[in-house]
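Visitor:
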Ligand SMILES: [Zn+2]
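Numbering (the working numbering), first residue to last: 1 to 138.
(1) What's the C-alpha gap between residue 68 and residue 90?
(2) Could you name the residues that DSSP lists as bridge partners for residue 40?
(3) For my contact list, residue 61 and residue 97 are in at a C-beta cut-off of 8 Å; report their separation, rounded to the angstrom.
(4) Let me check one thing: in DSSP terms, what residues is residue 25 bridge-paired to?
(5) Excluding five sequence neighbours on each side, which residues of the same chain lie with their C-beta closer than 6 Å to the C-beta of residue 46?
(6) Use the C-beta contact count for residue 81: other C-beta atoms within 10 angstroms, 16 or more gives buried, fewer gives exposed.
(7) Have a look at residue 4 and residue 33 and give me their C-alpha separation to the nearest angstrom.
(8) Sorted by chain position, which residues of the same chain lie with C-beta nearer than 6 Å to residue 43's C-beta, five sequence neighbours on each side aside?
(9) Does the beta-carbon of residue 19, which I'm using as the reference point, lie nearer than 7 Å to any heavy atom of ligand 1?
(10) So, helix, strand or coil for residue 84, using DSSP?
(11) Cβ of residue 62 versus every heavy atom of ligand 1: is any distance shorter than 7 Å?
(12) Helix or strand or just coil, what does DSSP make of residue 110?
(13) Apart from the five residues just before and just after residue 24, which ones in its own chain have a Cβ nearer than 7 Å to its Cβ?
(14) Can you give me the C-alpha to C-alpha distance between residue 107 and residue 101, rounded to a whole angstrom?
So this is what it looks like as structure tokens:
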């Protein structure tokens, strides 16, 4: 397939190197190599046949079985087969969520702690931040 390597990297990174349909880990080097471990292809979320474009927004990394099996089914349908509702997150998105969870935890801790004493509020904010940081993001 005619995608330059930088484009492929960007597509691969969008989902942290996972198949956007089943979440399986893909191997960047094994792009287009059928039968190789983690082999993958660039998948059009909206298929060409249904008017999808080559714009990055429409392109996702998918393992070859998923890509070939998808046909003209919608992305939503195929993700549902795999019990998923959305694509795996990119590393940047995961970090953004982790930071947000940290701040939410800190805010909750602060609110709870503020009811007892200002000193306790700070301690709770720190603990809340740590709990928030440890919230699992897949
Ligand atoms: Zn897959």
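Every residue gets a Cβ at the ideal spot worked out from N, C-alpha and C, and that includes glycine.
Guide: According to the data block:
(1) 23 Å
(2) 31, 63
(3) Incorrect: roughly 20 Å between the Cβ atoms, too far for contact.
(4) 18
(5) 52, 58
(6) exposed
(7) 16 Å
(8) 60, 62, 67
(9) yes
(10) coil
(11) yes
(12) helix
(13) 18, 63
(14) 10 Å
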